[in-house]
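To keep things clear, I will list the structure first and then write my remarks on it.
Number of protein chains: 2
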Amino acid sequence: MILEVADIRIHPGQQAAFEIAIAHGITSVISQAQGFGQARVLHGIESPERYLLQIEWATLEDHTEHFRGGPLFPQWRAIVGPFFAEPPRVEHFSIAG
Amino acid sequence: MILEVADIRIHPGQQAAFEIAIAHGITSVISQAQGFGQARVLHGIESPERYLLQIEWATLEDHTEHFRGGPLFPQWRAIVGPFFAEPPRVEHFSIAG
Numbered sequence: 001m002i003l004e005v006a007d008i009r010i011h012p013g014q015q016a017a018f019e020i021a022i023a024h025g026i027t028s029v030i031s032q033a034q035g036f037g038q039a040r041v042l043h044g045i046e047s048p049e050r051y052l053l054q055i056e057w058a059t060l061e062d063h064t065e066h067f068r069g070g071p072l073f074p075q076w077r078a079i080v081g082p083f084f085a086e087p088p089r090v091e092h093f094s095i096a097g
Numbered sequence: 101m102i103l104e105v106a107d108i109r110i111h112p113g114q115q116a117a118f119e120i121a122i123a124h125g126i127t128s129v130i131s132q133a134q135g136f137g138q139a140r141v142l143h144g145i146e147s148p149e150r151y152l153l154q155i156e157w158a159t160l161e162d163h164t165e166h167f168r169g170g171p172l173f174p175q176w177r178a179i180v181g182p183f184f185a186e187p188p189r190v191e192h193f194s195i196a197g
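Residue numbers (my numbering), protein chains in the order written: chain E, 1 to 97; chain F, 101 to 197.
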């Protein structure tokens with residue numbers, strides 16, 4: 001299992017709509033992806049336009065190849081992309097402890 | 101409950117020693133702190149010197165005031181501080197979903 005961490009900045013004042021959209025995108029799109037485990041959305045306290053989306057995937061390739069290269073990705077980006085103030089910074093992590 | 105996320109960069113080649121140290125620091129120091137919930141250490145796949153330390157606290161002040169202002173903080177930094185290549189970037193998050 002690996003963890004995707006997407007560091008997201010949205011346009012100011014869009015928090016409520018974004019939280020509805022991202023929850024919808026996770027439930028309706030990402031949860032259908034091969035290797036999807038679970039997702040968590042964190043909202044910045046010091047930076048109210050900042051969110052961390054953390055998604056567990058069975059393998060790195062389930063995210064980087066199967067999801068990003070498949071038909072679900074454009075569906076996902078259509079739902080959440082309009083809120084992004086800049087491209088999300090995405091890296092992957094293993095659980096060290 | 102809030103989540104502290106510390107974005108850590110360590111000196112190259114110190115991963116094994118750092119992982120032992122941070123596990124020791126969590127067990128012996130942070131776990132004693134008021135309001136401590138649980139901790140998770142994530143290790144960067146694309147950035148092998150990068151770690152995310154995620155700690156659940158009962159309240160923001162348990163971290164920012166009680167822990168950082170109390171006697172446990174210097175004990176913690178004595179254990180993990182020598183590994184840091186730069187000051188960790190720390191922000192706090194609420195669970196949005």
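C-beta atoms are modelled at their ideal positions from N, C-alpha and C, and glycine is treated no differently.
Item checked: Residue(s) in a DSSP beta bridge with W57/E -> I2/E and F36/E
Notebook entry, point to check: Would DSSP call R77/E helix, strand or coil?
Noted result: helix
Note to self: Taking beta-carbon pairs under 8 Å, can you tell me which members of the region 42–70 of chain E lie near chain F?
What the structure shows: Those would be L42, H43, G44, I45, E46, S47, R50, Y51, L52 and L60, in chain order.
Check: How about F184/F: is its C-beta nearer than 8 Å to some C-beta of chain E?
Finding: no
Notebook entry, point to check: Are the C-beta of G35/E and some C-beta of chain C separated by less than 8 Å?
Noted result: Reference to chain C is not applicable here, since the protein chains of this structure are E and F.
Margin query: Beta-carbon within less than 6 Å of A21/E's beta-carbon, same chain only, minus the 5 sequence neighbours each way: which residues are those?
Written below: So the list reads I79 and V80, once near-sequence residues are dropped.
Check: Does the ligand ZN have even one heavy atom less than 7 Å from the beta-carbon of G81/E?
Finding: Among the ligands in the structure shown, none appear at all, so the ligand ZN cannot be discussed.
Note to self: Once DSSP output is grouped into helix, strand and coil, what is the label at E186/F?
What the structure shows: coil
Next item on the list: Spell out the partners DSSP gives E191/F in its beta bridges.
Entry: V105/F
Notebook entry, point to check: Taking DSSP as the reference, what is the three-state secondary structure of Q20/E?
Noted result: What sits at residue 20/E in the sequence shown is Ile, not Gln. DSSP places I20/E in helix when its eight states are reduced to three.
Check: So, using beta-carbon positions, are F93/E and L142/F closer together than 8 Å?
Finding: yes
Check: Excluding sequence positions up to five away, which residues of its chain have a Cβ less than 7 Å from the Cβ of R189/F?
Finding: Cβ neighbours of R189/F beyond the five flanking positions: D107.
Check: I145/F to I155/F, Cα distance in whole Å?
Finding: Distance between the alpha carbons of I145/F and I155/F: 20 Å.
Notebook entry, point to check: Under the three-state reduction of DSSP, which class applies to I110/F: helix, strand or coil?
Noted result: Strand.
Notebook entry, point to check: Using a C-beta cutoff of 8 Å, does R189/F count as contacting chain E?
Noted result: no
Notebook entry, point to check: How is G125/F classed by DSSP in three states: helix, strand or coil?
Noted result: The answer is helix: DSSP assigns G125/F an H, G or I state.
Note to self: I want to see whether chain F comes within less than 8 Å of S94/E, judged by CB atoms only; does it?
What the structure shows: yes
Notebook entry, point to check: Is there at least one Cβ from chain F nearer than 8 Å to R9/E's Cβ?
Noted result: R9/E does not count as touching chain F.
Checklist line | For R150/F: DSSP bridge partner residues | finding: The partner list for R150/F (beta bridge, DSSP) reads R109/F.
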